[in-house]
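Visitor: Mind looking over this structure? Questions follow.
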């Protein structure tokens, strides 16, 4: 089984180059002001030019309005939108129609009941991404370095491949793949030395561990 990897929250060219060199399939750019990984539209535009088609570009937004979505579409031109907020099925369809992009909808998981929410979205979004449900009151909807009990996905069967996120690291990603049969994994804080500051050594280690190299 070929595992695909998304490195999320990248902000500079060197980390992008490291990610792509060692096999990243998706590069995630965060457009959410409270996040330490947030970048400006201008920065996103520059980074997409640097990526130059070497990996798929994912624009992460959180309950963004049409105006913000369209600014990202027109100026950054990502391949995929990741909706990481409380977007409804109707909102997912709206963003898909507005952008013409594939949509990743995040489902936040603590229990198996949470994981079943994926079935609500599966016909609206191209992909589902399972992430750990943040603690109550958390400002950030993801990227908190918090894993969830992967057994919660045991009885989840989707028609499409899904992304697995939530506290993944070079040390645990192999086990996570074995337990969940995920074909796409997503990491952000697990390859950082501090919030928003990626470590090229950890990026390389994660990619090698995920892809079994």
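In my numbering, the protein residues as written are 11 to 223. For glycine and all other residues, C-beta sits at the position ideal for the given N, C-alpha and C. Since the structure is predicted, the reported quantities are computational estimates derived from the model, not experimental observations.
Alpha carbon to alpha carbon, how far is residue 143 from residue 178?
Guide: Cα to Cα, the separation comes out at about 14 Å.
Visitor: For the pair the region 89–103 and the region 71–81, tell me if three or more CB-CB distances fall below 8 Å.
Guide: yes
Visitor: Can you name the residues that DSSP bridges to residue 137?
Guide: 114
Visitor: Measuring alpha carbon to alpha carbon, tell me which of 65, 17, 36, 30 ends up nearest residue 47.
Guide: 17
Visitor: Which of the three DSSP states, helix, strand or coil, is assigned to residue 92?
Guide: Correct three-state label for residue 92: strand.
Visitor: In its own chain, which residues sit with a C-beta less than 7 Å from the C-beta of residue 105, not counting the 5 before and 5 after it?
Guide: Short of 7 Å from the beta carbon of residue 105, and not among the five residues preceding or following it, lie these beta carbons of its own chain, in chain order: 79, 91, 93, 113.
Visitor: By the 10 Å Cβ neighbour count, where 16 or more other Cβ atoms means buried, how is residue 24 classified, buried or exposed?
Guide: exposed
Visitor: Which whole-angstrom value describes the C-beta separation of residue 65 and residue 82, a residue pair presumed to lie in contact below a C-beta threshold of 8 Å?
Guide: So it is not a contact: roughly 17 Å between Cβ atoms.
Visitor: Please identify the residue among 218, 13, 86 whose C-alpha is closest to the C-alpha of residue 63.
Guide: Out of 218, 13, 86, 86 has the C-alpha closest to the C-alpha of residue 63.
Visitor: Could you tell me the boundaries of the beta strand (DSSP E) in which residue 83 lies?
Guide: Premise fails: residue 83 is in no beta strand (DSSP E) and is neither H nor E.
Visitor: Would residue 176 pass as a contact of residue 141 if the rule is Cβ separation under 8 Å?
Guide: yes
Visitor: Can you name the residues that DSSP bridges to residue 172?
Guide: 138
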